[in-house]
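Colleague: Each residue of the sequence shown is one higher than the one before, counting from 2 in this note's numbering. We put the beta carbon where it would ideally sit given N, CA and C, even for glycine. From a predicted model like this one, the values you see are computed outputs, not experimental measurements. Got a structure here, written out as structure tokens. Questions coming.
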Amino acid sequence: MAGKSGRSINNVPENPVKHMIFSWEGIMVLLFVLVNIFCAWFSEFYNLKSVLRQMPVYLAEIFLMLPMAYILVLGEIDISVGSIVCLSATISCLVSNTGLPFILVILISLLVGTACGAVNGFILTRFQELPPMIVTLATQIIFRGIAEIVLGEGGSVSLTNSDGFKAIGGKVGRVPYILFLVLILAVVAALILGKSTFGRRVYAIGTNRLTAYYSGIHVQKIRMLIYTLMGTFCGLCALFMVSSSYGANTTTGNGFEMDAIAMAVFGGISSTGGKGNLAGGIISAFIIVCLRVGLGQQNLHPQVILLILGLLLICAVALPNVVGEIKKALKVKKNA
């Protein structure tokens, strides 16, 4: 087809409905439906009522997935988040037991998490040659070590003043407060990453940090901000973890960093940076939550559940490459 200028117009817009169905997010929605069908078949106790009752235990981890997605889009990683949750939970329990007003307990938990995140951000922006994985591995050990020192010989602390934590662990009808907060923060985080100037700058840094720097983007300030916010969300996660367990111990937050990364990567966030959509990460997070609830109702061994989640993650990482190879092969066959 030729336009008035005489040039050929070959770029026909793709059907938006078709694009939505066959997008990664569309596949995630389909998988969410299939996972719920499977769980309902696998466990006779799996229904909306039981999911809403049990999901608060797992929902807190979604708080970690949101800023982790930003870090992955940057092309970096933070494996200290579980230890930050442990330290924040420990401090919040001890502070709550002194009888301080609960609003101060909330602020202290958030401040502890924010301080830890700021430490990660400061080291990584001050010493830019250091790889994020090594730095956050070191701080993971340090933060959990501090928590273990604070907890002392018993290695745990129980709440003696739990009124405030009971309040944030409450429900509207059968819907827990945490679900409302997760959905609100998820929508805000997705809009900022996908629609704002700040989000475009994050993608630019993840695509090519040097180019982003010479384009006038304050690369180190953005990295510092994101790592600091990661710590803040760890403090928030710690509050809801304590609200469900009424205490903290040396194993609190174990493996949370891997869960947050798995949710983001399974949702289509590229671990190499510059690619991905937070909407997919949010859907994948709820897929994993529902899968854990359904499998857990049949007393399946936790390691088996982790094995299944690991296989799903491998499939999520491998699938784009497999699809790409199939398209490539079909294109070669068509041109032959």
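1) Would you mind reading off the limits of the alpha helix (DSSP H) that contains residue 282?
2) Are the CB atoms of residue 227 and residue 59 nearer to each other than 8 angstroms?
3) Suppose you measure from the CA of residue 40 to the CA of residue 289; what does that come to, to the nearest Å?
4) Go ahead and pull the three-state DSSP assignment for residue 172.
5) Does the segment 151-162 come into contact with the segment 238-251, if we say contact requires no fewer than three beta-carbon pairs (one atom in each stretch) closer than 8 angstroms?
6) How many angstroms separate the CA atom of residue 130 from the CA atom of residue 207?
7) Assign residue 293 to buried or exposed, taking buried as 16 or more other Cβ atoms, counted over all protein chains shown, within 10 Å of its Cβ.
8) Hey, residue 61 and residue 241 are a contact pair by Cβ (cut 8 angstroms); roughly how many whole angstroms apart?
9) Give the DSSP-derived three-state secondary structure of residue 97 in the structure shown.
10) Going by CA-CA distance only, name the one from 178, 155 and 174 that's closest to residue 166.
11) Which residue marks the beginning of the beta strand (DSSP E) containing residue 250, and which one marks its end?
12) Buried or exposed for residue 304, going by 16 or more other Cβ atoms inside 10 Å?
13) Going by Cα to Cα distance, which pick from 297, 107, 48 and 268 is closest to residue 31?
14) Would you kindly work out how many angstroms separate the C-alpha atoms of residue 113 and residue 45, rounded to a whole number?
15) Tell me the residue span of the beta strand (DSSP E) that contains residue 159.
16) Are the beta-carbon atoms of residue 273 and residue 76 separated by less than 8 angstroms?
17) Let me know if residue 134 comes out buried or exposed under the rule of 16 or more other beta-carbons within 10 Å of its beta-carbon.
18) Between the alpha carbons of residue 174 and residue 153, how many angstroms are there, rounded?
19) Going by alpha carbons, who is nearest to residue 86 out of 109, 105 and 286?
20) Looking only at DSSP bridge pairs, what is residue 177 linked to?
21) Would you check if the distance between the CB atom of residue 312 and the CB atom of residue 233 is smaller than 8 angstroms?
22) According to the neighbour-count rule (16 or more other Cβ atoms, all chains shown, within 10 Å of its Cβ), is residue 216 buried or exposed?
23) Hey, how far is the Cα of residue 299 from the Cα of residue 187?
24) Quick check on residue 128: does DSSP put it in helix, strand or coil?
25) With distances taken from CA atoms, which of 335, 100 and 63 is nearest residue 184?
26) Here's a check: name, in chain order, each residue in its chain whose Cβ is nearer than 7 angstroms to the Cβ of residue 106, leaving out the five neighbours to either side.
27) Does DSSP classify residue 301 as helix, strand or coil?
28) Starting from the C-beta of residue 191, find all residues in its chain whose C-beta is less than 7 angstroms away, skip the five residues before and the five after it, and write them out in chain order.
29) On the criterion of 16 or more Cβ atoms from any shown chain inside 10 Å, does residue 115 qualify as buried, or is it exposed?
30) What residue range is occupied by the uninterrupted alpha helix (DSSP H) comprising residue 75?
31) So, helix, strand or coil for residue 254, using DSSP?
Modeller: Taking the geometry as given:
1) Run containing residue 282: 279-297, per the alpha helix (DSSP H) assignment.
2) The answer is no: Cβ separation not under 8 angstroms.
3) Near 11 angstroms, if we compare the C-alpha coordinates of residue 289 and residue 40.
4) Reduced to three states, the DSSP call for residue 172 is strand.
5) Cβ pair count under 8 angstroms is three or more, so yes.
6) Their backbone Cα atoms lie some 16 angstroms apart in a straight line.
7) Here residue 293 is buried: its Cβ has 16 or more other Cβ atoms, across all protein chains shown, within 10 Å.
8) Confirmed, Cβ separation roughly 4 angstroms.
9) In the three-state reduction of the DSSP assignment, residue 97 falls in the helix class.
10) When the alpha-carbon of residue 166 is set against those of 178, 155 and 174, the nearest one is in 178.
11) Here the beta strand (DSSP E) through residue 250 covers 248-250.
12) The residue is exposed, with fewer than 16 neighbouring Cβ atoms inside 10 Å.
13) The shortest C-alpha separation from residue 31 is found at 268.
14) For residue 113 and residue 45, the distance between alpha carbons rounds to 42 angstroms.
15) Per DSSP, residue 159 belongs to the beta strand (DSSP E) from 157-159.
16) It is a contact, given that the beta carbons lie within the stated cut-off.
17) Flag for residue 134 reads exposed.
18) The C-alpha of residue 174 lies about 40 angstroms from the C-alpha of residue 153.
19) Here the closest residue by C-alpha is 109.
20) In the DSSP output, where bridge partners are listed per residue, residue 177 has 172.
21) Here residue 312 is not near residue 233, since their CB atoms are 8 angstroms or more apart.
22) Per the 10 Å Cβ criterion, exposed.
23) Residue 299 and residue 187 have their C-alpha atoms roughly 30 angstroms apart.
24) Residue state, collapsed to three classes: coil.
25) Taking the Cα of residue 184 as reference, the smallest distance to any Cα among 335, 100 and 63 is reached at 63.
26) Result list for residue 106: 93, 96, 97 and 165, in chain order.
27) Here residue 301 sits in coil by DSSP.
28) For residue 191, same chain residues with a beta-carbon under 7 angstroms away, outside a window of 5 residues either side, are 279, 280 and 283 in chain order.
29) With 16 or more Cβ atoms within 10 Å of its Cβ, residue 115 is classed as buried.
30) Bounds of any alpha helix (DSSP H) do not take in residue 75, whose DSSP letter is neither H nor E.
31) The three-state reading of DSSP puts residue 254 in coil, since its state is none of H, G, I, E or B.
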